[in-house]
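Report on the structure given below.
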Amino acid sequence: MGWRVLFALAALYNLAVGGTMLATPALLAPQLGVEGAGAPFALMMSGLLIAMFGIGYAMVAHNPAGNRGIVWIGMIGKIGAAVLGTLQYQAGIVPFSTFMLGMGDLVFVALFALFLWRGPR
């Protein structure tokens, strides 16, 4: 798989997840275990940030060598999502589905690390 394809897929994934959170926060809140009056805002803010990462990955897909810094930021974000999801799941705060969403990001972490190690400079 080429680097451009990898980052195009990462962009689509993040735009789909973030866009869904922006468009349907009230529907997703119960599934993600987010409650209270601020739940829609919290989901929409999270969705906005996830979608912004998607835009960043699209920039990397367009120019992999010139946008390596975005990949570092993306790796930090995806590692953070996995750690937070794990801690929240272990504490019984979020459901298994939310935990698995964070674990899915670890696949991208591994591929992003490979890009930073072997990809264009």
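Here our numbering is used: the first residue of the sequence shown is 84, the next is one more, and so on. Even for Gly, the Cβ is constructed at its ideal location relative to N, Cα and C. It should be emphasised that the depicted structure is a prediction, and the values quoted were computed from it without experimental measurement.
How would you label residue i, buried or exposed, when you count the other beta carbons within 10 angstroms and need 16 or more for buried?
i	result
Ile153	buried
Pro210	The requested residue 210 is not part of the displayed model; the chain covers only 84 to 204.
Leu126	buried
Val190	exposed
Val143	buried
Ser129	buried
Gly163	exposed
Val166	exposed
Gly185	buried
Gly119	exposed
Please look up how many angstroms separate the CB atoms of residue i and residue j, rounded, as I've assumed it's under 8 angstroms.
i	j	result
Pro108	Pro123	4 angstroms
Using a Cβ-Cβ cutoff of less than 8 angstroms, which residues in the same chain neighbour residue i once the five nearest sequence positions on both sides are dropped?
i	result
Pro147	Trp86, Arg87, Phe90, Phe198, Gly202 and Pro203
Asn150	Gly139, Met142 and Val143
Gln171	Val177, Thr181 and Phe182
For residue i, I'd like the list of residues in its chain whose CB is within less than 7 angstroms of its CB, leaving aside the five on either flank, ordered along the chain.
i	result
Phe195	Val154, Gly157 and Met158
Val117	Ala125 and Leu126
Among the options, which one has its Cα closest to the Cα of residue i?
i	options	result
Ile138	Ala93, Trp200, Gly116 and Met186	Ala93
Phe182	Asn150, Ala193 and Lys161	Lys161
Asn97	Asp188, Gln173 and Gly121	Asp188
Do three or more CB pairs link the region 89 to 102 to the region 130 to 140 at distances below 8 angstroms? Counting Cβ pairs under 8 angstroms, three or more are found: they touch.
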